[in-house]
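A.B. asks: Structure in structure tokens, see below.
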Amino acid sequence: MNSTQADSIVSLINHVCIMVLAYAVSHSKCYLEWLDGHRTLRNKSCLALIFGLFSLYAAAAGGVANVRVLGPMLGGLIGGPAVGICAGIFGGIYRFLDLRYAGASEMSLSALLATILAGLSGGLIYRWQKGQLPGVWITAIFAVGFEVFHMALTIAMGYQNEIVIKTVENVAIPMIISHAVGATLFVFITKNIMSARNLEKELLHFDRLNLVGQMAANVAHEIRNPLTSVRGYLQRMQMKNNYNLSKEHCNLMLEELDRTNQIISEYLLLTKEKVSYRENCCLNSLIKTLYPLLDTNALSVNSTITLALETVPTLCLDEKEIRQLLLNLVNNGLEAMPLGGNIVIRTFLAHSTVVLSVSDQGLGIPTKLIDKLGTPFLTTKSEGTGLGLAICYRIAFRHNASIKAETSSTGTTFSVNFALPVN
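First residue of the sequence shown: 1291, per this note's numbering; consecutive thereafter.
Take a look at the structure:
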């Protein structure tokens, strides 16, 4: 066996190891939590470390088509610029100091720059996609384009060095192919994992919701009738001048009965199978129409509302339901900022969907509650009913839309994803 054959076998083994490592990364706890919207500093640091070690191993393994740049590239695409750059520093510095390339210092410097720039470039794609994972084709085009840039950078920095030119001639095509295939497969697998997890959560959520809904509908009707009778009796007593109860006590009981009735009404709205009267509607116009009311509510609690509306296609919506959904999301955001802050309402296109997002500057949602969002009566507020979000999820379901929550210590964003209309 000659040295070329041995190198090919070692390279194949290394690539198999890298694929196993990629599989482990895609199923790690912090990676799955990040995909679920837990964008915490701990998870960000964990991602930077994982993709950095990925890059470090690829650089140490070497081979004709080593995928040293793939780690920071994916780190940037999935975690943003900071994750990508930190991951690139791991593999880049090792590659720069690698004694195997001591005869071509220009190539080592270009490798260091390219590895860090891969993370930065991936992070810019992340920003462009507004934190969403890019599509398979975008990923493939990005990977090919960056590796072409990488080869051009290496030639430009070492055009006078014969070793550099010969190395680029030997590895250019294999590296372009390996990075394109590696990045595309990783994103494809990740999207499948996300779809499976989202489907599982939605099925579990609606099973729970249907069970609770059936029970609540029966109980609510039984409670509502005596409440109506008690309220009528209290109103009658209130109109008399000689009743024993003080007006203060009577008003308090009426308020409590009204609150109970509101909870029951909201729950009935949540549980009954309502027919949506949908028609073509401009989402941006609907938001602008509702803005004065939202802004007034915000000002009353020392907060502001900012609109960032991009051009989006007309959707088939039930206008009353979408107004209710937006009001609930904004009110939740305002309640999450007791000291005041800014609510940002955005609309934009992403991955064949129209996205309506509402972002607040609160302290975030506890991690243990993220997977339970939308469950009736789930609330962290002392006076909340825990039904506002549940109604939002129900409205989204009736519109064949999905709701995704991303939270951190600096705020929470709820994104409602509407499928584009089919012509």
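Backbone N, C-alpha and C fix where the C-beta goes; we use that ideal spot for every residue, glycine too.
Predicted model, so just to flag it, every value in this text is computed and none were measured.
#1: For Asn1592 and Ile1428, what's the separation of their Cα atoms in angstroms?
#2: Looking only at C-alpha atoms, which of Asn1622, Pro1603, Ala1626 and Thr1579 sits nearest to Arg1613?
#3: When the Cβ atoms of the stretch 1470–1477 are set against those of the stretch 1438–1447, are three or more pairs found closer than 8 Å?
#4: Just the Cα atoms here: how many angstroms apart are Pro1464 and Pro1362?
#5: What are the boundary residues of the alpha helix (DSSP H) that includes Arg1684?
#6: In the structure shown, what three-state DSSP assignment does Ile1655 receive?
#7: My output table needs one value for Val1480: the three-state DSSP class, helix, strand or coil.
#8: For Met1318, which three-state DSSP category applies?
#9: Note down, in chain order, each residue of its chain lying with its Cβ closer than 7 Å to the Cβ of Val1458, except the 5 sequence neighbours on either side.
#10: I'd like the ranges of any alpha helix (DSSP H) spanning at least 4 consecutive residues and lying wholly in the stretch 1412–1479.
#11: May I have the straight-line CA-CA distance separating Thr1700 from Ile1633, to the nearest angstrom?
#12: Between which two residues does the beta strand (DSSP E) containing Ser1649 stretch?
#13: So, Gly1382 versus Ala1338, is the Cβ gap smaller than 8 Å?
#14: In this structure, what does DSSP give as the bridge partners for Leu1639?
#15: What does a CB cutoff of less than 8 Å around Glu1600 pick up in its chain, not counting 5 residues either side in sequence?
#16: Label Asn1707 either buried or exposed according to how many other C-beta atoms from any shown protein chain fall within 10 Å of its C-beta, with 16 as the threshold for buried.
#17: Buried or exposed: Gly1654, going by 16 or more other Cβ atoms within 10 Å of its Cβ?
#18: Please specify which runs of the alpha helix (DSSP H), each continuous and at least 4 residues long, are wholly inside the stretch 1604–1632, giving them in chain order.
#19: Would you mind sorting Met1447 into buried or exposed? The rule is 16 or more other CB atoms within 10 Å of its CB.
#20: Would you mind sorting Asn1333 into buried or exposed? The rule is 16 or more other CB atoms within 10 Å of its CB.
#21: If you run the structure through DSSP and keep just helix, strand and coil, what is Asn1570?
#22: What's the C-alpha gap between Thr1518 and Met1529?
#23: For the putative contact between Ala1401 and Phe1436, defined by C-beta atoms under 8 Å, what is the C-beta separation to the nearest angstrom?
#24: With DSSP run on the structure shown, which of helix, strand or coil describes Thr1330?
#25: For Met1543 versus Leu1524, is the C-beta distance shorter than 8 Å?
#26: Which partner residues does Asn1707 have in the DSSP bridge list?
#27: As a quick exercise: from Thr1604, Leu1624 and Asp1608, pick the residue whose alpha carbon is nearest that of Ile1595.
#28: Work out the CA separation of Asn1587 and Gly1630 for me, nearest whole Å.
#29: Taking the beta carbon of Ile1453 as the centre, do at least 16 other beta carbons fall within 10 Å, making it buried, or is it exposed?
#30: Which one of Asn1690, Ser1335 and Tyr1683 has the shortest CA to CA distance from Phe1704?
#31: Looking only at its chain, what residues have a beta carbon closer than 6 Å to the beta carbon of Leu1597, apart from the 5 residues adjacent to it on each side?
#32: Starting from Leu1360 and walking both ways along the alpha helix (DSSP H), at which residues does that stretch end?
#33: Measure how close the beta-carbons of Ile1375 and Leu1343 come, nearest whole angstrom, since I'm counting them as under 8 Å.
#34: Exposed or buried, Ala1433, counting other C-beta atoms within 10 Å across all chains shown (16 or more means buried)?
#35: Helix, strand or coil: which one does DSSP assign to Ser1698?
#36: Please classify Thr1405: does DSSP put it in a helix, a strand, or coil?
C.D. replies: Inspection of the coordinates gives the following:
#1: The count along the sequence shown starts at 1 and reaches residue 1592 at position 302. The count along the sequence shown starts at 1 and reaches residue 1428 at position 138. Going by the C-alpha atoms only, they are around 42 Å apart.
#2: Taking the first residue of the sequence shown as position 1, residue 1613 is located at position 323. For Arg1613, the nearest C-alpha among the options comes from Thr1579.
#3: Not touching, per the Cβ criterion.
#4: Reading the sequence shown from its first residue, position 174 is the one you call residue 1464. Reading the sequence shown from its first residue, position 72 is the one you call residue 1362. C-alpha separation (whole angstroms): 19 Å.
#5: What you label residue 1684 is simply residue 394 of the sequence shown in a count that begins at 1. Arg1684 -> alpha helix (DSSP H) spans Gly1678 to Arg1688.
#6: Stepping through the sequence shown from its first residue, residue 1655 is reached at position 365. Judged by DSSP in its simplified three-state form, Ile1655 adopts coil rather than helix or strand.
#7: As a first step, residue 1480 must be located in the sequence shown, where it is residue number 190. Looking at the sequence itself, residue 1480 is Thr, so the reference to Val does not match. If DSSP states are grouped into helix, strand and coil, Thr1480 belongs with the helices.
#8: The residue given as residue 1318 occupies position 28 in the sequence shown. It should be noted that the sequence gives Ser, not Met, for residue 1318. DSSP places Ser1318 in coil when its eight states are reduced to three.
#9: On the sequence shown, residue 1458 is found 168 positions in, with the first residue counted as 1. The answer, listed in chain order, is Met1441, Thr1444 and Ile1445.
#10: Given a length threshold of 4 residues, each whole run of the alpha helix (DSSP H) inside the stretch 1412–1479 is given here in chain order: 1426–1448.
#11: Taking the first residue of the sequence shown as position 1, residue 1700 is located at position 410. Taking the first residue of the sequence shown as position 1, residue 1633 is located at position 343. The alpha-carbon atoms of Thr1700 and Ile1633 are separated by roughly 12 Å.
#12: Working through the sequence shown from its first residue, we reach residue 1649 at position 359. Ser1649 -> beta strand (DSSP E) spans Thr1643 to Ser1649.
#13: Numbered from 1 along the sequence shown, position 92 holds the residue referred to as residue 1382. Numbered from 1 along the sequence shown, position 48 holds the residue referred to as residue 1338. The Cβ-Cβ distance between Gly1382 and Ala1338 does not fall below 8 Å.
#14: In the sequence shown, residue 1639 corresponds to position 349, counting from 1. Looking at the DSSP output, Leu1639 bridges to Val1644.
#15: Within the sequence shown, numbered from 1, the residue matching residue 1600 stands at position 310. Within the same chain, and ignoring the five residues on either side of Glu1600 in sequence, the residues whose Cβ sits closer than 8 Å to its Cβ are Arg1636, Thr1637, Phe1638 and Leu1639.
#16: What you label residue 1707 is simply residue 417 of the sequence shown in a count that begins at 1. In the assembly as shown, Asn1707 is a buried residue. Its beta-carbon has 16 or more other beta-carbons within 10 Å.
#17: Here the question's residue 1654 lines up with position 364 in the sequence shown. Answer is buried; the Cβ neighbour count reaches 16.
#18: Correct list: 1609–1625.
#19: For the purposes of this step, residue 1447 is identified with residue 157 of the sequence shown, where counting begins at 1. It is buried - the Cβ of Met1447 has at least 16 other Cβ atoms within 10 Å.
#20: Walking along the sequence shown from the start, residue 1333 turns up at place 43. Buried: at least 16 other Cβ atoms inside 10 Å.
#21: Translated into positions along the sequence shown, residue 1570 becomes position 280. In this structure, DSSP gives Asn1570 an extended state, which the three-state scheme calls strand.
#22: In the sequence shown, residue 1518 corresponds to position 228, counting from 1. In the sequence shown, residue 1529 corresponds to position 239, counting from 1. Straight across, the Cα-Cα distance linking Thr1518 with Met1529 is about 17 Å.
#23: The count along the sequence shown starts at 1 and reaches residue 1401 at position 111. The count along the sequence shown starts at 1 and reaches residue 1436 at position 146. Incorrect: roughly 13 Å between the Cβ atoms, too far for contact.
#24: Translated into positions along the sequence shown, residue 1330 becomes position 40. In this structure, Thr1330 counts as coil in the three-state DSSP scheme.
#25: Translated into the one-based positions of the sequence shown, residue 1543 becomes position 253. Translated into the one-based positions of the sequence shown, residue 1524 becomes position 234. Going by C-beta atoms, Met1543 is nearer than 8 Å to Leu1524.
#26: Looking up residue 1707 in the sequence shown gives position 417. In the DSSP output, where bridge partners are listed per residue, Asn1707 has Val1645 and Ser1692.
#27: Within the sequence shown, numbered from 1, the residue matching residue 1595 stands at position 305. Cα-wise, what sits closest to Ile1595 is Leu1624.
#28: Here residue 1630 corresponds to residue number 340 of the sequence shown, with the count starting at 1. Here residue 1587 corresponds to residue number 297 of the sequence shown, with the count starting at 1. Cα to Cα, Gly1630 sits roughly 12 Å from Asn1587.
#29: Counting from 1 along the sequence shown, the entry for residue 1453 is found at position 163. It counts as exposed.
#30: Sequence index remark: in the sequence shown, residue 1704 carries index 414 (1-based). For Phe1704, the nearest C-alpha among the options comes from Tyr1683.
#31: Position 307 of the sequence shown, counting from 1, holds the residue named residue 1597. Here the set comprises Ile1635.
#32: Sequence index remark: in the sequence shown, residue 1360 carries index 70 (1-based). Going by DSSP, Leu1360 is part of the alpha helix (DSSP H) stretching over Leu1360 to Gly1369.
#33: Position 85 of the sequence shown, counted from the first residue, corresponds to residue 1375. Position 53 of the sequence shown, counted from the first residue, corresponds to residue 1343. Incorrect: roughly 15 Å between the Cβ atoms, too far for contact.
#34: Your numbering for residue 1433 matches position 143 in the sequence shown. Ala1433 is buried by the Cβ-count criterion.
#35: By one-based count along the sequence shown, residue 1698 stands at place 408. Per DSSP, reduced to three states, the secondary structure at Ser1698 is strand.
#36: Residue numbering aside, residue 1405 sits at position 115 when the sequence shown is read from its first letter. In this structure, Thr1405 counts as helix in the three-state DSSP scheme.
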